[in-house]
Amino acid sequence: MSSNAYNPGDDGAKMSFKSDMSYGDYLHLDELLSQQQPLSDAHDEMLFVIQHQTSELWMKLAIHELSAAREALISGDMATMFKMLARVARIFEQLNSAWDVLRTMTPADYTRFRETLLRSSGFQSYQYRLIEYLLGNRNPNMLKPHAHDPKTHQILLAELARPSFYDEVVRHLFVTLDGHDRNLPAPQLDAPHNANPEIMARWKTVYENIEAHWSLYDLAEKLVDIEDYFRRWRFNHVTTVERVIGFKRGTGGTSGADYLRQMLSVELFPELWHVRGEL
3 MSSNAYNPGD DGAKMSFKSD MSYGDYLHLD ELLSQQQPLS DAHDEMLFVI
53 QHQTSELWMK LAIHELSAAR EALISGDMAT MFKMLARVAR IFEQLNSAWD
103 VLRTMTPADY TRFRETLLRS SGFQSYQYRL IEYLLGNRNP NMLKPHAHDP
153 KTHQILLAEL ARPSFYDEVV RHLFVTLDGH DRNLPAPQLD APHNANPEIM
203 ARWKTVYENI EAHWSLYDLA EKLVDIEDYF RRWRFNHVTT VERVIGFKRG
253 TGGTSGADYL RQMLSVELFP ELWHVRGEL
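Numbering (our numbering), first residue to last: 3 to 281.
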């Protein structure tokens, strides 16, 4: 059979992969694409599974970038840290846009498979919890849903045993402005970070003298960008839940939308928000 169809091989594209690694091999696509296993015959359960699996993949990348950004900050590699923080903001932007796809599912669609979830819930996402711990929102009570999994539990415990990324940012703030860290408030490793007047006073110095402290100001605004996207993600979560299940209790036992609305008040970097009212 003759054909005038374009043949990429004529332009040098590799067309045979019997002895070479292909795109699918590199990405382990056979394994990856076999992990979408709905438990019901409801059409929309596939959407639900893929929405959450892809979110977990993006969160894995966010953890990778935030962890590396913390190490870059500690070592003084500010350029690398700024690059990674900009990427984290874009990751959260991507996570936010995914809610638009899930919102195409109607309440009736979700009802057809909700009971198959049993007690599983996004509330139990250890990667989401690890992101919160990395950024400084450290509630040790949130370890309990992971006690059954020693490996996951240890990952979260290890994060609680070291300063958060924001703790390291605050150390950098004090060292840069004071020339030392002797006045640095002791970080609360296993508790949520609360606004501290000494920290806020130094951020105020930065915001009132932007040109003199441009690097610190840029860092602060990068963190505000990240929290802004993070807050939007939480808000989109609330509105999606309200749209799909109303005010029913969550499958994991929480109060559902009411619980999620309470989480909207959580501040990751409180001084960076409160200082604006002091300028």
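Virtual Cβ for every residue (Gly too), placed ideally from N, Cα, C.
- Here the C-alpha atom of Ser69 lies approximately 32 angstroms from the C-alpha atom of Leu281.
- Under the DSSP assignment, Arg204 falls in the alpha helix (DSSP H) whose first and last residues are 199-210.
- The shortest CA-to-CA distance from Leu191 to any of Ser166, Leu175, His276 is the one to Ser166.
- Under the criterion of beta carbons closer than 8 angstroms, Leu132 and Tyr168 do not qualify as touching, at roughly 14 angstroms.
- CA-CA distance, Asn141 to Met23, rounds to 44 angstroms.
- A buried status is given to Tyr135, since no fewer than 16 other beta-carbon atoms sit within 10 Å of its beta-carbon.
- Counting C-beta pairs closer than 8 angstroms gives fewer than three between the region 225-232 and the region 193-211, which falls short of the contact rule.
- One alpha carbon belongs to Pro199, the other to Pro187, and they sit about 10 angstroms apart.
- Pairing Val240 with Leu270 gives a Cβ-Cβ distance that is not under 8 angstroms.
- Under the three-state reduction of DSSP, Lys146 is assigned to helix.
- Cβ-Cβ separation between Ser127 and Glu58: approximately 7 angstroms, consistent with a contact (criterion under 8 angstroms).
- Counting C-beta pairs closer than 8 angstroms gives three or more between the region 114-126 and the region 46-54, which meets the contact rule.
- Sequence-distant Cβ neighbours of Thr154 in its own chain, meaning closer than 8 angstroms and more than five residues away, are Tyr128, His148.
- Distance from the CA of Asn143 to the CA of Tyr130, rounded to the nearest whole angstrom, comes to 14 angstroms.
- In the DSSP annotation of this structure, the continuous segment of the alpha helix (DSSP H) that includes Glu134 starts and ends at 128-137.
- Counting every other CB atom within 10 Å of its CB across the protein chains shown gives Asp151 a total below 16, marking it as exposed.
- Collapsing the DSSP output to three states places Arg236 in a helix.
- Taking the Cα of Ala74 as reference, the smallest distance to any Cα among Met86, Pro109, Ala64 is reached at Met86.
- Here Tyr219 carries a helix assignment [DSSP, helix/strand/coil].
- For Met61, the number of other beta carbons within 10 angstroms of its own is at least 16, and it is reported as buried.
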